[in-house]
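Notes for the one structure printed next.
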Amino acid sequence: MSTPSSGSSGAAPPRRLVDRLFEKFEARHHALANRGIQFVAIPFLMWSGFALARSLPEPALLAAIPGVDWAVAVAAAISLGYAVLSWRIGAAMAVLSLVLIGVAAFYAGNEALPLWQPALVFLALAMLLWLVGRRIEGRPRLLGEMAFDLLIGPAWLLAQVLRLARISY
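Counted the way my numbering counts, the sequence shown spans residues 59 to 227.
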């Protein structure tokens, strides 16, 4: 029998915040079809967000720093926020963000079509997929739950990819 002073109380070690957030996300996304939809909709939402941010006019502060626009600033903030939860997820988000911003930059080079137009198309497609996923789950969501899903969804997706690559987060 263990004593309180021995330090082995038999209780499970405290779970990390990131694990608790993912459990909360997964509880609302338990259908396999919806999880598949998340793997498509989340990158579309992210790309359209970065593309729309890249389309915004730059203030003098951002314009003074070469290579930095709204998309890069947003990507840095999101990556740092995720790094607080897990440095590997933060690093994965930085890499993914750079790839998505690179794709947006490629599209921005197309003079025939302004970047904000395909960004809105992909945003609409992603939102449609997201609504289909909500319908599959069969229960309405509160606005706070939807905001939580938009913030945690990309981190959850990256955690799934890291798990597939057998990299702990």
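Where is the CB? At the ideal position from N, CA and C, for every residue including glycine.
Secondary structure at residue i, three-state DSSP: helix, strand or coil?
i    : result
P212 : helix
E81  : helix
R112 : helix
G191 : helix
P101 : helix
R74  : coil
G107 : helix
S226 : coil
A184 : helix
V126 : coil
R197 : coil
A133 : helix
A205 : helix
Can the beta-carbon of residue i be found less than 7 Å from the beta-carbon of residue j?
i    : j    : result
A89  : I225 : no
A184 : L119 : no
I97  : W214 : It is worth fixing the name first, because residue 97 is Phe in this sequence and not Ile. In this structure, W214 does not lie closer than 7 Å to F97 by Cβ.
I95  : G202 : no
V219 : S144 : no
A99  : W188 : yes
S137 : A152 : yes
I159 : L216 : no
L178 : S113 : no
Does chain C have any CB closer than 7 Å to the CB of residue i?
i    : result
A121 : Any reference to chain C falls outside this structure, which holds one protein chain only.
Looking at C-beta atoms only, is the number of pairs between the stretch 105-118 and the stretch 166-179 that lie closer than 8 Å three or more? The count of Cβ pairs closer than 8 Å, one atom from the stretch 105-118 and one from the stretch 166-179, reaches three, so the stretches are in contact.
If we require 3 or more residues per run, which beta strand (DSSP E) segments fall completely within the stretch 137-176? none
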